[in-house]
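**Q**
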Amino acid sequence: MYAPPVQRLITELSKLPGVGGRTAQRLAFHLLRASDEDAFALAEAIKEVKERIGLCEVCFNLADGPRCRICADERRDPELICVVEEPSDVISIERTHEFRGRYHVLGGALSPIDGIDPEDLKIAELYERVRAAEVREVVIATNPTTTGEATALHLADGLRMVAPSLSVTRLASGLPVGADLEYADELTLGRALAGRRTV
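First residue of the sequence shown: 0, per numbering that gives the first Met the number 0; consecutive thereafter.
#1: Of the residues Glu93, Pro143, Arg101, which one's Cα is nearest the Cα of Glu79?
#2: Checking 8 Å against the spacing of the C-beta atoms, do Thr141 and Ala151 come in under that value?
#3: I need the straight-line Cα distance from Glu43 to Leu105, nearest angstrom please.
#4: Roughly how many angstroms separate the alpha carbons of Val83 and Leu15, rounded to a whole number?
#5: Measure the C-alpha to C-alpha separation of Tyr1 and Thr146 and round it to an integer number of angstroms.
#6: State yes or no: is the C-beta of His29 within less than 8 Å of the C-beta of Phe59?
#7: So who's on the other strand from Gly157, going by DSSP bridges?
#8: I'd like the span of the alpha helix (DSSP H) that includes Gly20, first residue to last.
#9: Could you tell me which residues DSSP pairs with Ser13 in its beta bridges?
#10: Measuring alpha carbon to alpha carbon, tell me which residue in Arg135, His153, Pro111, Cys70 is nearest Ile122.
#11: Can the beta-carbon of Leu12 be found less than 8 Å from the beta-carbon of Ala33?
#12: Could you check what DSSP says for Arg75 in three-state terms: helix, strand or coil?
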């Protein structure tokens, strides 16, 4: 239907998450209409990020050198580690401006059905970090999904074995600010009740 280069572009774009055939087609035609400068800038940005971005040797966040900017920042508290599933979760937590510690990126969540076992994640590296440094608290910030909860429980058990005096905490979950109770599902409302605090 299309010239082979256009069809190849549509096929490659449709491999992106959330991009179906029609969206890939629209994106391809947008790129064809764009100036050479804009199209080549996009291609160069993709090439550069694939060549220059790797994983931090300490926390496994995205980095353009041996260490990410957070691990290289001496003002961050090295005794406080927040464990997340993916690098995008670091960005979400950083946006709050509430966390001043460091991170540990697992690279996913435990999911035996999908063949993701503890050895496939950066769990052993987390235990090693806790053993090697004076860490006072590990905040488990995995997603509130079935796999995220299973990962959190696995980590909590393992961390207590590695460092019995370590404080292991979990992000609170419950009602979002501005939500009405009548629209909350039972699980969310139950979590909000379980995580209630004194005011």
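The beta carbon of each residue, even a glycine, is placed where N, CA and C say it ideally should be. In this text, all values refer to a predicted model and were calculated from it rather than measured experimentally.
**A** A quick look at the data gives this:
#1: Checking the sequence shown, residue 79 turns out to be Leu, not Glu. Answer by Cα proximity: Arg101.
#2: yes
#3: 29 Å
#4: 23 Å
#5: 42 Å
#6: no
#7: Gly157 pairs with nothing; no bridge assigned.
#8: 20-32
#9: DSSP, once it has assigned bridges, lists no residue as partnering Ser13.
#10: His153
#11: no
#12: coil
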